[in-house]
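There are 2 protein chains.
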Amino acid sequence: MPERGSQAPESVQAVLRAGFLAHVGFTASAQPFVIPMLYAPASADTLFLHGAAVSRVLGELATGIPACVAVTLVDGVVLARSAFHHSMNYRSVVAFGTARGVVEPARKAKALRAISEHLMAGRWNEVRGPSREELEMTSVVEFFIEEASVKIRQGPPLDDDDDYARRVWAGVLPLRLSAAAPVPDPRLAADVALPEYLRRFPGDG
Amino acid sequence: MPERGSQAPESVQAVLRAGFLAHVGFTASAQPFVIPMLYAPASADTLFLHGAAVSRVLGELATGIPACVAVTLVDGVVLARSAFHHSMNYRSVVAFGTARGVVEPARKAKALRAISEHLMAGRWNEVRGPSREELEMTSVVEFFIEEASVKIRQGPPLDDDDDYARRVWAGVLPLRLSAAAPVPDPRLAADVALPEYLRRFPGDG
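For the protein sequence lines, the chains are A and B, in the order given. Sequential numbering from 29 applies to the first sequence in my numbering. Sequential numbering from 29 applies to the second sequence in my numbering.
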């Protein structure tokens, strides 16, 4: 079966480790919101979430109301011989639970470090860490997963028997989020070297 | 300013034209859901949505309850000299409105065609179209945008004045969803040519 659902914790964790962008849903004043946020796995059943959304909205989320976190990784377009059997290859987690604001400064710094290192391991120790004032201006939320499911589709199209004789190209167009060569800040001094963790991307010298 | 918000319809439309994956949020039985769905712009203020989610959940959405659609395009990691000024380059739309199921078969076929052509222009006319039974098995939802806002961040990091002297690499790691060489279905006859709309991807013959 190319498509399958699961609630196996190791499958959920594998997808959460592979992604970094979550779409977080919750209801405030009877209005559903979906907010894109960066995240990092914090434990087997918690995530740290950080976003640039209006703090009023994030403040609502942080009160512990029911929430939903979706992480979707797009792996390809599945091109079948019939319109009906077209699909995407993807890995997707939908997790239900509640969120709480991370308030204590040391714990907030720990969460920000986890999110930074999850996105780009090695970066945190090279840059100036957050000041007390900066930490206060930053919103971090911890999400407690109560129930999560993963859906994964992979592999070639599955057509109806009658359609395999059709003379149309069928297969998969693989997709992935990929990095191009790092672009230096115009204000970067010319003799500051590209760090090790950025050297694997194409085009850098 | 590298980061800006807007409600200008042309900015919203530009992001909606550039994406194909939406995260759709709504509340059913007091539980928020966020579901990944393919979409296509249908008009200046409507989207067609199509997803593989459990039909019970989509059925709830299609009753016209308040919903939220988020489309997020990730353009890069912004690497500043301080942890605090790290960011992402991105284009993001959050739209509020209501959804209705598309029921009438001809209109459902039109919506599926729009979604297919939005993802891969030229494909629909080459494949077998949906039968009446297949249309009945397919869920399509039309989303009516009542209010939408766009947020865009682009360009280099913006650091505090004091931090520019730091000897740490700063700049942007550009990210984009990119396609690799198309992978033929193992059951594809060897003499079926790759169609024009797939020839622009790397590695194909």
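Glycine is no exception: its CB is placed at the ideal position from the N, C-alpha and C atoms. Because the structure is a prediction, the values reported are computed rather than measured.
- Item | Under 8 angstroms (Cβ pairs) to chain A, residues found in the region 216 to 229 of chain B | L216, A217, V220, A221, L222, P223, L226 and F229
- Query: Would T74 of chain B pass as a contact of E170 of chain B if the rule is Cβ separation under 9 angstroms?
  - Reply: Stepping through the second sequence from its first residue, residue 74 of chain B is reached at position 46. Stepping through the second sequence from its first residue, residue 170 of chain B is reached at position 142. Taking 9 angstroms as the Cβ cut-off, T74 of chain B and E170 of chain B qualify as a contacting pair.
- Message: According to DSSP, simplified to helix, strand and coil, what is L216 of chain B?
- Response: The count along the second sequence starts at 1 and reaches residue 216 of chain B at position 188. Coil.
- State whether the region 202 to 209 of chain B contacts the region 198 to 216 of chain A, with contact taken as three or more CB pairs (one from each stretch) at a distance under 8 angstroms. yes
- Task: Could you spell out the range, first to last residue, of the alpha helix (DSSP H) harbouring Q41 of chain B?
- Result: For this step, residue 41 of chain B is matched to residue 13 along the second sequence. First-last of the alpha helix (DSSP H) with Q41 of chain B: P37 to A46.
- Query: At which residues does the alpha helix (DSSP H) containing R160 of chain B begin and terminate?
  - Reply: Along the second sequence, read from residue 1 onward, the residue named residue 160 of chain B stands at position 132. Per DSSP, the continuous alpha helix (DSSP H) segment holding R160 of chain B begins and ends at R160 to E164.
- Task: Tell me, please, whether the region 160 to 180 of chain A touches the region 119 to 128 of chain A by the rule of three or more beta-carbon pairs shorter than 8 angstroms.
- Result: Yes, since at least three Cβ pairs between the region 160 to 180 of chain A and the region 119 to 128 of chain A fall closer than 8 angstroms, the two stretches touch.
- Straight-line gap, P69 of chain A to P94 of chain A (C-alpha atoms, nearest Å): Position 41 of the first sequence, counted from the first residue, corresponds to residue 69 of chain A. Position 66 of the first sequence, counted from the first residue, corresponds to residue 94 of chain A. Roughly 19 angstroms between the two C-alpha positions.
- Using a C-beta cutoff of 9 angstroms, does R135 of chain B count as contacting chain A? On the second sequence, residue 135 of chain B is found 107 positions in, with the first residue counted as 1. No, R135 of chain B lies away from the interface with chain A (no Cβ there is under 9 angstroms from its Cβ).
- Task: List the endpoints of the continuous alpha helix (DSSP H) containing S144 of chain B.
- Result: As a first step, residue 144 of chain B is located in the second sequence; it is residue number 116 there, counting from the start. P133 to L147 is the span of the alpha helix (DSSP H), which, as asked, contains S144 of chain B.
- Closest Cα partner of F76 of chain B within the set B:A198, B:R109 and B:A90: If you number the second sequence from 1, residue 76 of chain B lands on position 48. It is B:A90.
- Message: Cutting at 7 angstroms between CB atoms, please list the residues of its own chain near E174 of chain B, excluding the five before and the five after it.
- Response: In the second sequence, residue 174 of chain B corresponds to position 146, counting from 1. These residues qualify, in order along the chain: F124 and G125.
- Message: So, does the region 102 to 114 of chain A touch the region 31 to 46 of chain A, judging by three or more C-beta pairs under 8 angstroms?
- Response: no
- G79 of chain B by DSSP, collapsed to three states: which one? Numbered from its first residue, the second sequence carries residue 79 of chain B at position 51. Here G79 of chain B sits in coil by DSSP.
- Query: Which same chain residues, not among the five before or five after F172 of chain A, have their C-beta less than 6 angstroms away from its C-beta?
  - Reply: Sequence index remark: in the first sequence, residue 172 of chain A carries index 144 (1-based). So the list reads T74, G125 and T126, once near-sequence residues are dropped.
- Task: Name the residue from A:G104, A:Q59 and A:R227 whose alpha carbon lies nearest to the alpha carbon of P30 of chain A.
- Result: Within the first sequence, residue 30 of chain A is the residue found at index 2, counting from 1. Looking at the Cα atoms, A:G104 is the closest of the given residues.
- Measure the beta-carbon distance from V155 of chain A to V196 of chain B and round it to whole angstroms, keeping in mind my assumption that it falls under 8 angstroms. The residue you call residue 155 of chain A lines up with position 127 of the first sequence. The residue you call residue 196 of chain B lines up with position 168 of the second sequence. Yes, they are in contact, since the Cβ atoms of V155 of chain A and V196 of chain B sit about 6 angstroms apart, within 8 angstroms.
- Euclidean distance between Cα positions of H114 of chain B and S159 of chain B: What you label residue 114 of chain B is simply residue 86 of the second sequence in a count that begins at 1. What you label residue 159 of chain B is simply residue 131 of the second sequence in a count that begins at 1. Going by the C-alpha atoms only, they are around 51 angstroms apart.
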